[in-house]
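Residue numbers (my numbering), protein chains in the order written: chain A, 1 to 155; chain B, 156 to 310. Built from N, CA and C at the ideal position, the CB exists for glycine as well. The structure appears below as structure tokens.
There are 2 protein chains.
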Amino acid sequence: MRALLLLGCPEVPVQTGIALYIANKLKDEGFEVVAAGTPSAINLMRVADPKKAYIDSYIEIERCVDQMGEGKFDVDVSFGFIHKDSGIQYLATVAALSNGAPVAIVFGREAKELSNEVKEALDNCLVLWATAVHNPMELKKRIDEVARWASVLKR
Amino acid sequence: MRALLLLGCPEVPVQTGIALYIANKLKDEGFEVVAAGTPSAINLMRVADPKKAYIDSYIEIERCVDQMGEGKFDVDVSFGFIHKDSGIQYLATVAALSNGAPVAIVFGREAKELSNEVKEALDNCLVLWATAVHNPMELKKRIDEVARWASVLKR
């Protein structure tokens, strides 16, 4: 099984921590974890996980979308890390190209409004949200309520 | 050998990644790595490193200062993560109580001014700075220029 983490621009402090937290849970379930993002988002994750304890590999977002469109790359589940509209666009693009299930992790001050936009834009998307900016605990709680990510694949 | 990471409030996105990056280098050199901070700073690091791949243990900042003052706890080197004045205060307090060497990691939009303030406030403090907010690469470069942290102890 393979999971994709679609990282947004790293503007909101909780993103790095929450992405590593989810990656750890996925690895424990046997997923290969691939992170996709802009070069700056990828750089920040590489610096944060130098031993690849949590994230197995990285792919530049444009290349990821191209390869999915050509049928050369796919995943079982895609996590969109969303704190502004562009994050919804990334997840919607990947959801349209991938056979995997989409999951939206929505955070930042506009999380409530953005989570409603995600639900309108994407059918069958599990949406977890909290207005977290610096404190990850509420979002962590939402994540911990999902006992097994493999169950998301069967929705 | 034991190293202390003094985490500031997690307001600037690069802090989590840079702290984990330094922790990894310290562990590779044989340091035990302890992170100190406010409860919210500690929570964010715990979420980011759930397997303790990089950080061995945590201590609440007030308790850390109390125990250092009572001579019950000390470290060989203390890293202050500084993006505002309160970060300088933390490092200066710890430097006054500890026999270990202080190192200042200064980032954020006011990094240049803050790094000058650190140099004035703390003698013999190694100061590494970059105006990093989201992109950690310049600060990573400064960190990589220090070949071994154990060398800092002998200053």
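**OP:** Compute the Euclidean distance between the alpha carbons of residue 60(A) and residue 35(A), then round it to the nearest angstrom.
**Re:** Residue 60(A) and residue 35(A): Cα-Cα distance of roughly 8 Å.
Original post:
In angstroms, rounded to a whole number, what distance separates the CA positions of residue 54(A) and residue 300(B)?
Top reply: Answer to the nearest angstrom: the Cα atoms are 26 Å apart.
Original post:
Does the beta carbon of residue 171(B) come closer than 8 Å to any beta carbon on chain A?
Top reply: Taking a beta-carbon distance threshold of 8 Å, residue 171(B) counts as an interface residue toward chain A.
Original post:
Do the region 77-96 of chain A and the region 2-19 of chain A touch if we need at least three Cβ pairs shorter than 8 Å?
Top reply: A contact between stretches requires three or more CB pairs, one per stretch, nearer than 8 Å, and the region 77-96 of chain A meets this requirement with the region 2-19 of chain A.
Original post:
Where are the beta strand (DSSP E) runs, 3 residues long or more, that stay fully inside the region 88-130 of chain A, in chain order?
Top reply: Taking only runs of at least 3 residues, the beta strand (DSSP E) segments lying wholly in the region 88-130 of chain A are 101-106, 126-129.
Original post:
Relative to chain B, which residues along the region 32-50 of chain A have a C-beta separation below 8 Å, given in chain order?
Top reply: The residues in question are 40, 43, 44, 45, 47, 48, 49, 50.
**OP:** Tell me whether residue 179(B) is buried or exposed, calling it buried when 16 or more other Cβ atoms sit within 10 Å of its Cβ.
**Re:** When all chains shown are included, residue 179(B) counts as buried.
**OP:** Examine the ligand GDP and report whether any of its heavy atoms sits within less than 7 Å of the Cβ of residue 113(A).
**Re:** The ligand content of the structure shown is nil, which means the ligand GDP is not present either.
Subject >> residue 3(A) - containing beta strand (DSSP E), residue span >> reply: From DSSP, the beta strand (DSSP E) with residue 3(A) extends over 2-6.
Original post:
In the DSSP assignment, what are the bridge partners of residue 18(A)?
Top reply: Answer is none; residue 18(A) lacks a bridge partner.
**OP:** Rank 169(B), 211(B), 187(B), 224(B) by C-alpha distance to the C-alpha of residue 251(B) and give the top, closest one.
**Re:** Closest in C-alpha terms to residue 251(B), from the list 169(B), 211(B), 187(B), 224(B), comes 224(B).
**OP:** In angstroms with no decimal places, state the Cα-to-Cα distance between residue 227(B) and residue 201(B).
**Re:** Near 24 Å, if we compare the C-alpha coordinates of residue 201(B) and residue 227(B).
**OP:** Output, in sequence order along the chain, the residues in the region 275-290 of chain B whose CB is closer than 8 Å to any CB in chain A.
**Re:** Near chain A, meaning a CB-to-CB distance below 8 Å, the residues of the region 275-290 of chain B are 289, 290.
Original post:
Is it true that the CB of residue 153(A) sits closer than 8 Å to the CB of residue 101(A)?
Top reply: The answer is yes: Cβ separation under 8 Å.
Original post:
Taking the alpha carbon of residue 192(B) as the point to measure from, which residue in 244(B), 306(B), 183(B) has its own alpha carbon closest?
Top reply: Closest option to residue 192(B), Cα to Cα, is 244(B).
Subject >> Sequence-distant residues of the same chain with beta carbon closer than 8 Å to residue 230(B), five excluded per side >> reply: Cβ neighbours of residue 230(B) beyond the five flanking positions: 157, 158, 159, 189, 253, 255.
**OP:** Determine the contact status of residue 234(B) and residue 273(B), defining contact as a CB-CB distance below 8 Å.
**Re:** The Cβ-Cβ distance between residue 234(B) and residue 273(B) does not fall below 8 Å.
Subject >> Pair within 8 Å by beta-carbon distance, residue 172(B) and residue 41(A) >> reply: Taking the C-beta atoms as reference points, residue 41(A) is found no nearer than 8 Å to residue 172(B).
Original post:
Would you report the Cα separation of residue 293(B) and residue 32(A), rounded to the nearest angstrom?
Top reply: Put simply, the backbone Cα of residue 293(B) is about 30 Å away from that of residue 32(A).
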